[in-house]
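Peer 1:
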Amino acid sequence: MTFLQVSEALLKGFGTTLLLFILTLVLSLPLGLIVSFGSMSKFKPLRLLTRGVVWVVRGTPLMLQIIIVFYGPGLLFGVSALDRMTAALIAFVINYACYFSEIYRGGIESISKGQYEAGQVLGMTKGQIFFKIVLFQVVKRIMAPISNEVITLVKDTALARIIAFSELIMISYNIVARYGILYPLFYAGVFYLVFNGILTLLFSRIETKLDYYR
Amino acid sequence: MTILEVTNLKKSFDTLEVLKDISFSMQESEVLAIIGSSGSGKTTLLRVLNFLEDADSGQIVVAGNTLYDCNNCAIKESEQEVRKKRLHFGLVFQSFHLFPQYNTLRNITLASDLLAKERVRNNLFGKNKHTKAPVGNKLKSTFARLSSVPALFKKYKAELAKEYEANRKKALAILDRIGLTDKVDAYPFQLSGGQQQRVAIARALALEPDILCFDEPTSALDPELTGEVLRVIKDLKGFGTTMIVVTHEMGFAREVADRVIFMHDGKIEEMGTPTQVFDNPKSLKTKQFIAKY
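As given, the protein sequences belong to chains E and S, one line each in that order.
Residue 1 in numbering that gives the first Met the number 0 sits at position 2 of the first sequence, with consecutive numbering throughout.
Residue 235 in numbering that gives the first Met the number 0 sits at position 236 of the second sequence, with consecutive numbering throughout.
1. To the nearest angstrom, how far is the alpha carbon of residue 128 (chain S) from that of residue 158 (chain E)?
2. Can you name the residues that DSSP bridges to residue 64 (chain S)?
3. Residue 271 (chain S) by DSSP, collapsed to three states: which one?
4. Quick test of the definition: if touching needs 3 or more C-beta pairs under 8 Å, does the segment 27 to 46 of chain S touch the segment 253 to 263 of chain S?
5. Once the 5 residues before and after residue 186 (chain S) are set aside, which same chain residues still bring their CB inside 6 Å of it?
6. Between residue 191 (chain S) and chain E, is there a C-beta pair that is closer than 8 Å?
7. Check whether chain E comes within 8 Å of residue 186 (chain S), counting only Cβ atoms and requiring the distance to be less than that.
8. Under a CB-based cut-off of 8 Å, is residue 194 (chain E) close to chain S?
9. Tell me whether residue 111 (chain S) is buried or exposed, calling it buried when 16 or more other Cβ atoms sit within 10 Å of its Cβ.
10. Just checking my contact of residue 38 (chain E) with residue 140 (chain E) at CB under 8 Å: how many whole Å lie between their CB atoms?
11. Given this structure, state the Cα-to-Cα distance separating residue 212 (chain S) from residue 244 (chain S), to the nearest angstrom.
12. Pull the bridge partners of residue 6 (chain S) from the DSSP assignment, please.
13. Helix or strand or just coil, what does DSSP make of residue 1 (chain E)?
14. Any beta carbon from chain S within less than 8 Å of residue 221 (chain E)'s own beta carbon?
15. Looking only at C-alpha atoms, which of S:104, S:94 and S:63 sits nearest to residue 84 (chain S)?
16. I'd like to know if residue 100 (chain S) contacts chain E, where contact means its C-beta is closer than 8 Å to some C-beta of that chain.
17. Between the Cα of residue 97 (chain E) and those of E:108, E:127, E:50 and E:129, spot the shortest distance and give me the residue it belongs to.
18. In the DSSP output, which residue or residues are listed as bridge partners for residue 259 (chain S)?
19. So that I know if they touch, is there some Cβ in chain S lying closer than 8 Å to that of residue 129 (chain E)?
20. Please tell me whether residue 219 (chain S) has its Cβ less than 8 Å away from any Cβ of chain E.
21. Which term fits residue 25 (chain S), buried or exposed, when burial requires 16 or more other beta carbons within 10 angstroms of its beta carbon?
22. Could you have a look at residue 35 (chain E) and say whether DSSP puts it in helix, strand or coil?
23. Which stretch, first to last residue, makes up the alpha helix (DSSP H) that contains residue 175 (chain S)?
24. How is residue 41 (chain E) classed by DSSP in three states: helix, strand or coil?
25. Which chain S residues sit within Cβ distance under 7 Å of residue 123 (chain E)?
26. Could you check whether residue 89 (chain S) and residue 222 (chain S) sit closer than 8 Å to each other, using their CB atoms as the reference points?
27. So, helix, strand or coil for residue 190 (chain E), using DSSP?
28. Using 8 Å for Cβ pairs, my map puts residue 200 (chain S) next to residue 231 (chain S). What's the rounded Cβ distance?
29. List, in chain order, every chain S residue whose beta-carbon is nearer than 9 Å to that of residue 116 (chain E).
30. Mind checking if residue 135 (chain E) is an interface residue toward chain S, Cβ cutoff 8 Å exclusive?
31. What residue range does the beta strand (DSSP E) around residue 26 (chain S) cover?
32. Answer yes if the segment 41 to 58 of chain E comes into contact with the segment 118 to 131 of chain E, meaning at least three C-beta pairs across the two stretches below 8 Å, and no otherwise.
33. Any idea if residue 184 (chain S) is buried or exposed, counting beta-carbon neighbours within 10 angstroms, 16 or more meaning buried?
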C-alpha cells in the first residue's frame, strides 16, 4: 500500500472521527446544561435521579456504554440494532453531557448570590438573570475545563472501534494488520495531534476574547 | 405625602427572630438613616422591603398600594407580581454587585431595556390585541394578520430603538449627575470602589424607584473613597429622592438624614430627628451605642 493510499484511507477515517466529534459536541453541550439544571434542582427526587445517572455514567467505562447502547436493545428486547454511528453517538452524547453538566454546575454555583440579587432588585425575571447576567460569566469561568474535555473527546472517539465503527484508529489498525506496515498508527497519531493543536489555538483565542473583563 | 408605611413587620430565620414587630412610616423626599450594631436586623429589614426575603407577617404599603399584607402572605405570588413590587424599591448593595461583563452604560441600561422590550412586546403582540372575528371572516383575518407581520415587526423594531435611545439618554444624564461621564465605556474592574458604587447607585436610579435603599453603601470602601459616595447620596437628597440608608457613618447620618432609626435586637429601639437620637437619646442602649462612635 502506497503512502498516498494510506493517506487517503486515514483521511476518510478522520472524516468519520470528525463527524462523530462534532455531532457529539453540538448535542452534548446543550444537553449538559439541562442535566446540570436537573442536578441543581430544588425538587429532590429529580436532583437525586439526575445525580444518580451522572454517577453511573461517569463511574463506568465509556467503552462499556458504547457496547450496551449498540448490543443492549437487541439482546434485551430483540429489536434490531441501531446503526453503528447512531449507537456510538448516543453513548458519547450521554457520557459527555454528564461530564459537561458537572463543569456547568461548578461554574453556575461559583457565581455569587449578589449577581442574582442585583438582577432581582432590578426587576429581572429568572430567565433574564440567567441568560443576561449569569451565563456569560459562567462561560468565561468554565472555558479551561471545557477545553480539556473537548480535547479528550477527540481522542475518546477511538473507543467507538469496539463496535466496529470505522473511525481513524480502526482504519489505521486494519492497515497495520493486513499489510504488516507499522507507520499508519503513528500517522494516525499525527492527525489527532494536529487537530488538537488547532483546537488548543481556538480555545486560547476564545479565552483572550473573554479577557476584556475580570 | 406618606410614601411608605410599614406595620408590624416580623421575620424569623428558623428559630431566630430577626425582625420583631417593626413599624414606621416615611414621607416623600424624606431621608431615613438606620443605625445599629451588626445583627440588629437592619439589613434584613432592607431585604424584606426589596422582597429578597418574605416577611412572616405585617404590612408594607407604598404610596397607597398594599404591596405586602400578612393576611394574604400564604398565597404564593407569581414572579410577575413580585417583580412589579420590587420596582417600587431600589437597592444599593454593600459590595456593589455590578455586572462585570458589561460596561458602565450597559450596567445602567440593561434592566430598563429589558423592561422596555417587555412593554413594547405586550403592546404590539399582546393577546388581547386581536379581537375575535366572526367565523366567516376568520380565514380572511388570519391572512390579514399574517400579511401585517412584516409591518408589525418593523414597528416593533422602531419602537424598541426609540425606547433604547431614551434609556441611553437617561443613563447618560444620571452619569452626568454623579460625575462619571468619562467612565461610560469602562468595565467595573477598571473602576475604583467608589466609582463602582456610584455606578451601582446610577443603575438603581435608572428604574426610578419610589424609595431608594442603601445597605451600608460605604462599608466595603477604603476610607478615602467613602466621601465621593456619600456626596452622591447627599446630592440625591437635593433632588428630592426618598431614601433609606443603613449606615455606620454616624457623621453622615447626622448631617443628611431627616430622621434616624436606631435598631437593636430586631426592634426599633429609638426613632427621631438626628438631634434627638444623637444628642438626647432616651434609651440607654442608644446612648451606649452612640458613645462608641
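C-beta: ideal position from N, C-alpha, C; glycine also.
Peer 2: In short:
1. Residue placement at residue 128 (chain S) is poorly supported in this model, since its pLDDT is 46, which falls under 50; the coordinates are not used for a value here.
2. S:61
3. strand
4. yes
5. 102
6. no
7. yes
8. no
9. buried
10. Incorrect: roughly 18 Å between the Cβ atoms, too far for contact.
11. 6 Å
12. S:58
13. coil
14. The first residue shown for chain E is 0 and the last is 213, placing residue 221 (chain E) beyond what the model contains.
15. S:63
16. yes
17. E:50
18. S:32 and S:271
19. no
20. no
21. buried
22. helix
23. 148 to 176
24. coil
25. 110 and 113
26. no
27. helix
28. 6 Å
29. 46, 49, 51, 90, 92 and 96
30. yes
31. 15 to 26
32. no
33. exposed
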